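**Q** Pasting in a structure now, in structure tokens, and then I'll have a few things to ask.
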Amino acid sequence: MKSRENGVVKALRKVSPAVVNISSQYEIRKKSNPFFNYGMDPVFEKFFQDFFSPEHERREQRSSLGSGVIIDGHRGLVLTNAHVIDKGTTINVALKDNREFEAAIVGMDPDSDLAVLKIKSQHPLPAIQMGDSGDIMIGESVIAIGNPFGFSHTVTTGVVSAVNRSIKTDKRVFHQFIQTDASINPGNSGGPLLNINGELIGINTAIYAQAQGIGFAIPINRAKRIVSDLINYGEVIQPWIGMTVQPLDSTLSEYLNLKAGAGVIVTAVEERSPAATAGIEEGDIVISIDGFRITGVSAYDQTIRELSANKVVPIEINRKGAISSVPLKTMIFPQDRALELTRRRLGIRVSDLDDATRSKYGIRATQGVLITDMHRGSHLARIGVRPGDIIRQIDEERVNHLTDFKAAMVKYRNKRSVVLLIQRDGHLYHINAPMKENGQ
1 MKSRENGVVK ALRKVSPAVV NISSQYEIRK KSNPFFNYGM DPVFEKFFQD FFSPEHERRE
61 QRSSLGSGVI IDGHRGLVLT NAHVIDKGTT INVALKDNRE FEAAIVGMDP DSDLAVLKIK
121 SQHPLPAIQM GDSGDIMIGE SVIAIGNPFG FSHTVTTGVV SAVNRSIKTD KRVFHQFIQT
181 DASINPGNSG GPLLNINGEL IGINTAIYAQ AQGIGFAIPI NRAKRIVSDL INYGEVIQPW
241 IGMTVQPLDS TLSEYLNLKA GAGVIVTAVE ERSPAATAGI EEGDIVISID GFRITGVSAY
301 DQTIRELSAN KVVPIEINRK GAISSVPLKT MIFPQDRALE LTRRRLGIRV SDLDDATRSK
361 YGIRATQGVL ITDMHRGSHL ARIGVRPGDI IRQIDEERVN HLTDFKAAMV KYRNKRSVVL
421 LIQRDGHLYH INAPMKENGQ
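Under full-length UniProt numbering, the first residue of the sequence shown carries the number 1, and numbering increases by one thereafter.
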């Protein structure tokens, strides 16, 4: 038997106790139509959905299965995918020795699809050894462990097929994934991808529904910074660089004599920003950031989002054909610049709803921020938003006061657009607002 103990067997013996199964329960609500069996014109369907709510609301319990890995045995910290637990009202974690724990969410980041859970144990738990995804070799052997279709601690093996893969889903594009031919199915999500030494090099994810015979994993080096923020702050602290970019389309690439996907072009640099301090100028082509190649705007956004604040990173640029690398120190976005950001990106000025403002505009509302002025050529002006309107919400963040508004603008500053909930004359409207320079 000893002669059959290859590297896979040895790695599994070391790692398996740190791999967990995760189940989350959540509730969905459906409105029940008591006349459904008699047939109904679609025009009246909406009426009965509204009329019989909530008395005729049907509640269904659903569950989802996934995997995870213990990354800190003393604190009981478990790393998994965000989509495994994002709907869960209760989350349970089961170890290989059949111990079960109810888990609490420490932090979750849907953008990177990572989450950290905490379980309480009277004794230290087995933890996995972190590896280095920076030196992965194409063709090297890898091991995936997970809970596919509820089959606990299923092991599959394969090789690294590719690195730096981009995956497009219904919601967004993910970049820099590890590709493997080890089977990764629903239930494997959140489980570990290991090298032959039993070191964690990736977090498996089954987000690509069309995958047949291939799997993808988030490189652990990318995950480490996100996990650190989730543990320390409960969310990812996005760094500030202070420049706006646009893609190099075929026309622009041809004009600049560059290949399509050879970077992104800088269209604006904020005054006194990290980019300005680093000497980056409008018209520069950003080729790579901190060693990650920039193939487009989505790759740029993801790379920036996953940098640490207050860290010096090299940025490779092409300026009029000359390639150079400049050091740039990222920062946490200063809250006192949120209103300047609002003016530049949305084309509006806002103020708190204090007594003087409410009296001036004849407003009864006490919650939200008031639009006091706007750029005539801005998108919001063109679609009919006007001074005197009240902003009650930005995306998922409620806005009760100016401090809430500033925090939301800082949080969403790197998005291409946000949804504003606007109040006018007692009515509420949802409006999509592009976040572009000068509110255009």
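Note that CB positions come from ideal geometry on N, CA and C, so glycine has one too. Owing to the predicted nature of the structure, the values given are computational and were not obtained by experimental measurement.
Which residue from Q335, E5, N204, Q246 puts its Cα closest to that of I294?
**A** Nearest of Q335, E5, N204, Q246 to I294, Cα basis: Q246.
**Q** Would you list the one or two residues that DSSP bridges to T156?
**A** Its beta-bridge partners are A144.
**Q** Per the DSSP calculation, F101 is bridged to which residue(s)?
**A** Answer is V93.
**Q** Helix, strand or coil for F292, going by three-state DSSP, please let me know.
**A** The answer is strand: DSSP assigns F292 an E or B state.
**Q** Could you pull out every unbroken beta strand (DSSP E) segment of at least 3 residues lying fully inside the segment 320–386, listed in chain order?
**A** Listed in chain order, the complete beta strand (DSSP E) runs (minimum 3 residues) inside the segment 320–386 are 322–329, 348–352, 369–374.
**Q** How do the segment 272–279 and the segment 150–160 stand: do at least 3 beta-carbon pairs fall below 8 Å, yes or no?
**A** No, the segment 272–279 is not in contact with the segment 150–160.
**Q** Does the Cβ of I70 have 16 or more other Cβ atoms within 10 Å, making it buried, or fewer, making it exposed?
**A** By the 10 Å Cβ count, I70 comes out buried.
**Q** Could you check which residue in I285, I332, L12, H83 has the C-alpha nearest to that of I143?
**A** For I143, the nearest C-alpha among the options comes from L12.
**Q** Distance, Cα to Cα, D249 vs G261?
**A** Cα to Cα, the separation comes out at about 8 Å.
**Q** When you compare each of K360, H123, L79, K436 to Y412 by their alpha carbons, which one comes out closest?
**A** Out of K360, H123, L79, K436, K436 has the C-alpha closest to the C-alpha of Y412.
**Q** Under three-state DSSP, which class holds E281?
**A** E281: coil per DSSP, three-state reduction.
**Q** DSSP state of T80, grouped into three classes?
**A** It is a strand residue.
**Q** Alpha carbons only, please: which of L421, N414, G7 is nearest the one belonging to S298?
**A** That would be N414, whose Cα lies nearest to the Cα of S298.
**Q** Once DSSP output is grouped into helix, strand and coil, what is the label at G150?
**A** Helix, per DSSP.
**Q** Would you mind reading off the limits of the alpha helix (DSSP H) that contains V253?
**A** It is worth fixing the name first, because residue 253 is Ser in this sequence and not Val. It spans 250–255 - the alpha helix (DSSP H) in which S253 sits, taken as one unbroken run.
**Q** Under the rule that 16 or more other beta-carbon atoms within 10 Å means buried, what is N147, buried or exposed?
**A** With 16 or more other Cβ atoms within 10 Å, it is buried.
**Q** With DSSP as the reference, label I226 as helix, strand or coil.
**A** In this structure, I226 counts as helix in the three-state DSSP scheme.
**Q** Only counting the same chain, and skipping five residues up and downstream in sequence, which positions put a Cβ closer than 8 Å to that of S16?
**A** Here the set comprises K96, I145, H153.
**Q** If P124 sits next to H74, beta carbons under 8 Å apart, how far is it from one beta carbon to the other, in whole angstroms?
**A** Contact flag correct, Cβ pair sits at about 5 Å.
**Q** So is S300 buried or exposed if we call it buried at 16+ other beta carbons inside 10 Å?
**A** Note on residue identity: the sequence assigns Tyr, not Ser, to residue 300. So Y300 ends up on the buried side.
**Q** Any idea if F151 is buried or exposed, counting beta-carbon neighbours within 10 angstroms, 16 or more meaning buried?
**A** F151 comes out exposed.
**Q** Which residues in the same chain as G88 place their Cβ atom closer than 6 Å to its Cβ, once the five residues preceding and following it in sequence are excluded?
**A** If we look at G88 and ignore the five residues flanking it on each side, its Cβ neighbours are S24, Y26.
**Q** Just checking, does the segment 159–173 make contact with the segment 131–142 on the three C-beta pairs under 8 Å criterion?
**A** Enough Cβ pairs lie closer than 8 Å, so yes.
**Q** What are the start and end residues of the alpha helix (DSSP H) that includes L194?
**A** Here L194 belongs to no alpha helix (DSSP H); instead the beta strand (DSSP E) covers 192–195.
**Q** Provide the residue(s) that pair with S24 in DSSP beta bridges, ordered along the chain.
**A** S64, I91, per the DSSP bridge assignment.
**Q** First and last residue of the beta strand (DSSP E) that includes residue 442?
**A** Any question about residue 442 goes unanswered here, given that the chain covers just 1 to 440.
**Q** Out of curiosity, what's the CA-to-CA distance linking T180 and L346?
**A** Rounded to the nearest angstrom, the two C-alpha atoms are 43 Å apart.
**Q** From D65 to V163, what distance separates their C-alpha atoms?
**A** Just to set this straight, residue 65 is Leu in the shown sequence, not Asp. Rounded to the nearest angstrom, the two C-alpha atoms are 27 Å apart.
**Q** Going by CA-CA distance only, name the one from A223, A82, I91 that's closest to G131.
**A** The shortest C-alpha separation from G131 is found at A223.
**Q** Spell out a yes or no on whether the segment 401–411 and the segment 327–341 are touching, meaning 3 or more CB-CB pairs, one atom from each, closer than 8 Å.
**A** Result yes; three or more Cβ-Cβ pairs closer than 8 Å.
**Q** What residue does the beta strand (DSSP E) around T180 start on, and which one ends it?
**A** Segment 173–180, the beta strand (DSSP E) holding T180.
**Q** Beta carbon of V385: closer than 7 Å to some heavy atom of the ligand PLP?
**A** As far as ligands go, the structure on display features none, and thus does not contain the ligand PLP.
**Q** Our contact map puts K311 next to T342 with C-beta atoms below 8 Å; I'd like the distance itself, whole angstroms only.
**A** Incorrect: roughly 27 Å between the Cβ atoms, too far for contact.
**Q** Give the DSSP-derived three-state secondary structure of I287 in the structure shown.
**A** If DSSP states are grouped into helix, strand and coil, I287 belongs with the strands.
**Q** I need the straight-line Cα distance from S325 to E282, nearest angstrom please.
**A** Looking at the two C-alpha atoms, the distance is approximately 16 Å.
**Q** Closest to V84 by CA distance: which of R398, V418, G68 is it?
**A** Measuring from the Cα of V84, the nearest candidate turns out to be G68.
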